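Asks:
Residue numbers (this note's numbering): 31 to 290.
Here you go:
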């Protein structure tokens, strides 16, 4: 993470990290447990809580990571992030300005001496030789110096290629059927996942891959470490992701009253 002054500490980043670390400890979570839940490195989470900008990536990634951690802990760090982005110690990375276009001097489109005229003369001379050569070949053919091409040596037409029988269309794959009283969760990659009932009972907690059905009952609450990789679908509803990569929040799913 770039900062004015090199190794100088960024107070706003330290305050943000202290807020995240304090919330984690209040919930009785260790660094390893929270890092495993969010599928991030323990060293990166430690640097974020310590506000150590020398071991963190660019500001935009630090902000996204802080939002993910705050979402998993259920706290609001909007003010701390705003203070960090407004800090004069945070150096914004700017793209280098494009080099000015080189202006051509007046008459720059004129041909350089010797090049254009020489090429024109060479081209004209080549056409003259080609015409003379063609005439010489014609005269030689008329005088019998070149053998006449027999009519039977003309190229035979290429036989038509056999028609390819089109393959029958493959049958369409039927969409996964989901019962009206079920919630189908499908992961497109490894993600930490926790599923609870409306009464707080844990149905699943751990690393999730593939797909799994859960009974809706009175309702379900779902929390994913990578919400962008996990989709949820119910009866008569298409599968949708649980959120963006930084939206690590609890999602509530209630049963459809019409299905009862």
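We treat Cβ as the ideally placed atom computed from N, Cα and C, and that holds for glycine. It should be emphasised that the depicted structure is a prediction, and the values quoted were computed from it without experimental measurement.
1) Which two residues bound the contiguous alpha helix (DSSP H) that contains residue 72?
2) Residue 46 and residue 114 - do their beta-carbons sit closer together than 8 Å?
3) Report the residue ranges of all beta strand (DSSP E) runs contained in full by the region 236–272; include only those spanning at least 3 residues, in chain order.
4) Kindly indicate which three-state DSSP category residue 89 falls into: helix, strand or coil?
5) Say whether chain D places a C-beta atom closer than 8 Å to the C-beta of residue 69.
6) Whose C-beta lies closer than 6 Å to the C-beta of residue 99 among residues of the same chain, with five residues either side of it excluded?
7) Provide the residue span of the beta strand (DSSP E) that contains residue 217, from first to last.
8) Nearest CA to the CA of residue 258: which residue from 220, 56, 267, 244?
9) Compare the beta carbon distance of residue 72 and residue 56 with 8 Å and say whether it is the shorter of the two.
10) Taking the continuous alpha helix (DSSP H) assigned at residue 108, which residues delimit it?
11) Excluding five sequence neighbours on each side, which residues of the same chain lie with their C-beta closer than 7 Å to the C-beta of residue 97?
12) Quick check: the Cα distance between residue 285 and residue 247, rounded to an integer number of angstroms?
13) What is the C-beta distance between residue 67 and residue 222, in whole angstroms, given that I count them as a contact (C-beta under 8 Å)?
14) Since residue 281 sits in a beta bridge, which residues does DSSP pair it with?
15) When you compare only the Cα positions, how much space is there between residue 86 and residue 263?
16) Can you tell me whether DSSP reads residue 276 as helix, strand or coil?
Replies: So, from the data block:
1) Counting along the chain, the alpha helix (DSSP H) containing residue 72 begins and ends at 72–80.
2) Less than 8 Å divides the Cβ of residue 114 from the Cβ of residue 46.
3) Given a length threshold of 3 residues, each whole run of the beta strand (DSSP E) inside the region 236–272 is given here in chain order: 250–254, 260–263.
4) Looking at residue 89 - three-state DSSP - the assignment turns out to be helix.
5) Within the model displayed, chain D is absent; a lone protein chain is all it includes.
6) Cβ contact annotation for residue 99 (same chain, cutoff 6 Å, sequence separation greater than five): 50, in chain order.
7) Here the beta strand (DSSP E) through residue 217 covers 212–227.
8) That would be 220, whose Cα lies nearest to the Cα of residue 258.
9) No, the pair does not count as a contact, with Cβ atoms beyond the cut-off.
10) Where residue 108 is concerned, the enclosing alpha helix (DSSP H) stretches over 108–115.
11) The beta carbon of residue 97 sits closer than 7 Å to the beta carbons of 276 from its chain, once the five residues preceding and following it are set aside; these are given in chain order.
12) Rounded to the nearest angstrom, the two C-alpha atoms are 7 Å apart.
13) Right, their Cβ atoms sit about 5 Å apart.
14) Answer by DSSP bridge pairing, in chain order: 252.
15) The straight-line gap from Cα to Cα measures roughly 37 Å.
16) It is coil, neither helix nor strand.
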